[in-house]
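**Q**
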Amino acid sequence: MTRRTRIAVKVAVWTACLTPLALLGWRAVSDDLTANPIDFITDWLGRWTMRLLLASLALTPVRILTGWGWPIAFRRLLGLFAFFHGTLHFGVWIVVDHYFAWARMGEDILKRPYITVGVTALVLMVPLALTSTAGMIRRLGGRNWNRLHRLVYVTAVLAVLHFMWLAKTGRIEQYLYALIVAVVLGVRVAAAARRMVARSSPRGPRTGPPDPRTLGEVEGTSASPRTRGAPRAID
Amino acid sequence: MLIRHAPRYRSSEITPEAVYLSRRAFMAGAAALTLLPGEADAAPPPPVDRLPPLKAAPHPTYRHTDPVTKIESAVTYNNFYEFGVDKEDPSRNAGTLRPRPWNVVVEGLVRKPKTFDIDELLKIAPLEERIYSLRCVEGWSMIIPWIGVPLSALLKRVEPTGNAKYVEFYTLVDPEQMPAQKKGLFSWSSLDWPYVEGLRLDEAQHPLTLLTAGMYGRVLPNQNGAPVRVVIPWKYGFKSAKSIVKIRLVADEPKTAWNKAQPNEYGFYSNVNPTVPHPRWSQATERRIGEFRRRETKMFNGYGEVASLYSGMDLKKFI
Ligand code: HEM
Chain Y
54 MTRRTRIAVK VAVWTACLTP LALLGWRAVS DDLTANPIDF ITDWLGRWTM RLLLASLALT
114 PVRILTGWGW PIAFRRLLGL FAFFHGTLHF GVWIVVDHYF AWARMGEDIL KRPYITVGVT
174 ALVLMVPLAL TSTAGMIRRL GGRNWNRLHR LVYVTAVLAV LHFMWLAKTG RIEQYLYALI
234 VAVVLGVRVA AAARRMVARS SPRGPRTGPP DPRTLGEVEG TSASPRTRGA PRAID
Chain X
3 MLIRHAPRYR SSEITPEAVY LSRRAFMAGA AALTLLPGEA DAAPPPPVDR LPPLKAAPHP
63 TYRHTDPVTK IESAVTYNNF YEFGVDKEDP SRNAGTLRPR PWNVVVEGLV RKPKTFDIDE
123 LLKIAPLEER IYSLRCVEGW SMIIPWIGVP LSALLKRVEP TGNAKYVEFY TLVDPEQMPA
183 QKKGLFSWSS LDWPYVEGLR LDEAQHPLTL LTAGMYGRVL PNQNGAPVRV VIPWKYGFKS
243 AKSIVKIRLV ADEPKTAWNK AQPNEYGFYS NVNPTVPHPR WSQATERRIG EFRRRETKMF
303 NGYGEVASLY SGMDLKKFI
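Line by line, the protein sequences give chains Y and X.
Quick note: the first sequence uses our numbering, first residue 54, plus one each step.
Quick note: the second sequence uses our numbering, first residue 3, plus one each step.
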């Protein structure tokens, strides 16, 4: 990829990630937030948290299935944007929806399972966001960093549960997200299973230390020959 | 979904006919491209400022101290699954409903069963305007000026027999008029049609229970349950059946639509009760549409006079 293409792709991804908030802002100024704006904004931010999270999780399966390595470079960025929207989603709940009614919110977090899993999903993203800098990756070492960042799978599953448990009867969108999570995690599991089979065969492809170029990826995915030459991070 | 914008009503807005018609054609075209069940045939209902006025005497005591909700909110934020599951769906899709001519069959355990033409039905007692609070089970509320007659007047007319203990309300089933009643892929359907709701006979006879044909000084908009619905202000909104075609008096507790869909979440009584949470969320507070801060939800939605209907009943059990 040339330098110019890389810059163009980067601009496109940033633009895409900022579009949901821009659209929300546009709807706000054009008085188009429905009769219940607080609910509308909460739902909007929740849905985009989910979509950005799934987008970040989809890049590894894309590479496994197609061999395209370059999108992986955007995984951290998408994850951070997901966290950003999740924080706004939570912030609206605290500040606008409940207006700092701490006792009520505490009760909701403890008693209402959809809130409990939502908060857990977001809290689990905090260490991931804090360790998302290049410096932290170096400090932790690729292997530990990878291990820690597997927490995002738990976040994805909890986020789906959150949606399933809050969705009213008759809606179907939540099942679509559940399906996508199942696919993006399922592809990883299948790839890992294939690797284990390959490794246990006498002519396994490799047993050396993890490839430093694939830092920030699921441990061992680099064993797949298609993924050789993963890109440098450009985010 | 392609149609994201409900037709929005501003109080200042008077829609010229040409604009209204071209918008309608556009919506129909856009709808034809969607894949969701029924959406292709949907059309937006007429703007409320074009609906015929309905004259009624303000009820002397059934008023409300809180300000009335803006009409544009009340006609664009609706739960009416026959037109789709999203709140903006009814105001986008309910144009296919034909509220005239319309008959309502009143039958079952009554001495004088009768099929009423809608306009005849509304003459059984003088029309009254009553300002009620509407509390949705989802945790929001509105203050709405309804127009109607006490349901008790109709019940008296048909003379329930001694065996009649409950009243059932049936909403229209007609996928041509109610596009979201069409089955989707894998014959998916949001609810089991017809939408059936019910009350105990004494609840139905309570003076607060209103057989409703209008709101905000006009006939009911399609998306709010035209041409006739009930309003039971001390119960969660879904108990107030819309676009009613049949009222039956029966001996046994009716199997109601939401109760059938989610028995552990939606009980037969469904009285507004801040101390009994919905299994998934709290009912202690509500957001009044148009307001910023939540309000405390009141027992029976503030209509304490109905408490005597439930004396001796454990309302944590009879939800
Ligand atoms: C990773 C974290 C999270 C994700 C991915 C997420 C996602 C979502 C999604 C997809 C929706 C549904 C939007 C719709 O109905 O269209 C939603 C709604 C909601 N979420 Fe979250 N959420 C997260 C965390 C949280 C947290 C921390 C809270 C607050 C405690 C929260 C509270 C809510 C509430 C109150 C709703 C609206 C429920 C309703 O409409 O009745 N969520 N969220």
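For each residue, glycine too, the CB sits at the ideal point set by N, CA and C.
Drop a sphere of 10 angstroms on the beta-carbon of residue 178/Y, count the other beta-carbons inside from all chains shown, and report buried for 16 or more, exposed for fewer.
**A** Residue 178/Y is buried by the Cβ-count criterion.
**Q** Count the CB pairs spanning the stretch 91-98 of chain Y and the stretch 113-124 of chain Y that are closer than 8 Å, and state whether there are at least three.
**A** Contact fails: fewer than three Cβ-Cβ distances are below 8 Å.
**Q** Return the residue from the list 238/X, 217/X, 246/X, 259/X that minimises the CA-CA distance to residue 305/X.
**A** Nearest of 238/X, 217/X, 246/X, 259/X to residue 305/X, Cα basis: 238/X.
**Q** Measuring CA to CA, which of 313/X, 126/X, 219/X, 296/X is closest to residue 154/X?
**A** Among 313/X, 126/X, 219/X, 296/X, the Cα nearest to that of residue 154/X belongs to 126/X.
**Q** The beta strand (DSSP E) that contains residue 287/X, what's its start and end?
**A** 287-290 is the extent of the beta strand (DSSP E) around residue 287/X.
**Q** Name, going along the chain, the residues of the stretch 253-269 of chain X whose beta-carbon falls closer than 7 Å to a beta-carbon of chain Y.
**A** Residues 263, 264.
**Q** Given a threshold of 16 other Cβ atoms within 10 Å of its Cβ, counted over all protein chains shown, does residue 121/X qualify as buried or as exposed?
**A** Residue 121/X comes out exposed.
**Q** Residue 78/X versus chain A: which residues are under 8 Å apart at the beta carbon?
**A** Absent here is chain A; the protein component of the structure consists of chains Y and X.
**Q** Under 9 Å, Cβ to Cβ, is there at least one residue of chain Y near residue 202/X?
**A** Taking Cβ atoms only, chain Y never reaches closer than 9 Å to residue 202/X, which makes this a no.
**Q** Does the stretch 173-189 of chain X come within contact of the stretch 211-221 of chain X, defined as at least 3 CB pairs closer than 8 Å?
**A** With a cut-off of 8 Å, the stretch 211-221 of chain X and the stretch 173-189 of chain X do not count as touching, because too few Cβ pairs lie within range.
**Q** Determine the burial state of residue 79/Y: buried for a count of at least 16 other Cβ atoms within 10 Å of its Cβ, exposed for fewer.
**A** Its Cβ having fewer than 16 others within 10 Å, residue 79/Y is exposed.
**Q** With 16 as the cutoff for other CB atoms within 10 Å, does residue 163/Y come out buried or exposed?
**A** Residue 163/Y comes out exposed.
**Q** Count Cβ pairs between the stretch 161-170 of chain X and the stretch 59-67 of chain X that sit closer than 8 Å; are there 3 or more?
**A** At 8 Å Cβ cutoff, the stretches do not touch.
**Q** Could you run through the stretch 80-105 of chain X and flag, in chain order, every residue whose CB is less than 8 Å away from some CB of chain Y?
**A** Residues 83, 87, 89, 90.
**Q** Near residue 109/Y, which residues of its chain fall below 7 Å by C-beta distance, leaving aside the five closest residues on each side in sequence?
**A** Answer for residue 109/Y: 128, 131, 132, 135, listed in chain order.
**Q** Kindly indicate which three-state DSSP category residue 162/Y falls into: helix, strand or coil?
**A** If DSSP states are grouped into helix, strand and coil, residue 162/Y belongs with the helices.
**Q** Measuring only between beta-carbons, confirm whether residue 266/Y sits less than 9 Å from chain X.
**A** Here residue 266/Y scores only 44 on pLDDT, less than 50, and its place in the model is too uncertain to base an answer on.
**Q** I need the straight-line Cα distance from residue 55/X to residue 310/X, nearest angstrom please.
**A** When rounded, the distance between both Cα atoms is 36 Å.
**Q** Do you know how far the Cα of residue 203/X is from the Cα of residue 224/Y?
**A** Going by the C-alpha atoms only, they are around 33 Å apart.
**Q** Using a beta-carbon distance below 9 Å, is residue 220/X in contact with chain Y?
**A** No, its Cβ sits nowhere closer than 9 Å to a Cβ of chain Y.
**Q** What do you reckon, are the CB atoms on residue 101/X and residue 221/X nearer than 9 Å?
**A** Closer than 9 Å, so yes.
**Q** Kindly list the residues whose CB is nearer than 6 Å to the CB of residue 201/X, restricted to its own chain and excluding five residues on each side of it in sequence; keep chain order.
**A** Excluding positions up to five away in sequence, the list reads 169.
**Q** Classify residue 180/Y as helix, strand or coil using the three-state DSSP reduction.
**A** DSSP places residue 180/Y in helix when its eight states are reduced to three.
**Q** If you pair each beta-carbon of the stretch 67-86 of chain X with each one of the stretch 221-237 of chain X, do three or more pairs fall below 8 Å?
**A** Contact holds: three or more Cβ-Cβ distances are below 8 Å.
**Q** In whole angstroms, what is the alpha-carbon distance linking residue 96/X and residue 241/X?
**A** Computed Cα separation, rounded: 20 Å.
**Q** How should residue 239/Y be labelled, buried or exposed, when 16 other C-beta atoms within 10 angstroms of its C-beta is the threshold for buried?
**A** Looking at its Cβ environment, which holds fewer than 16 other Cβ atoms inside 10 Å, residue 239/Y is exposed.
**Q** Span of the beta strand (DSSP E) holding residue 119/X?
**A** First-last of the beta strand (DSSP E) with residue 119/X: 116-119.
**Q** With a cut-off of 6 Å, give the chain-ordered residues whose Cβ is closer than this to any heavy atom of the ligand HEM.
**A** That query returns the following residues: 92/Y, 95/Y, 96/Y, 99/Y, 100/Y, 102/Y, 103/Y, 106/Y, 139/Y, 142/Y, 143/Y, 146/Y, 168/Y, 171/Y, 172/Y, 174/Y, 175/Y, 208/Y, 212/Y, 215/Y, 216/Y, 219/Y.
**Q** When you compare only the Cα positions, how much space is there between residue 151/X and residue 250/X?
**A** Going by the C-alpha atoms only, they are around 18 Å apart.
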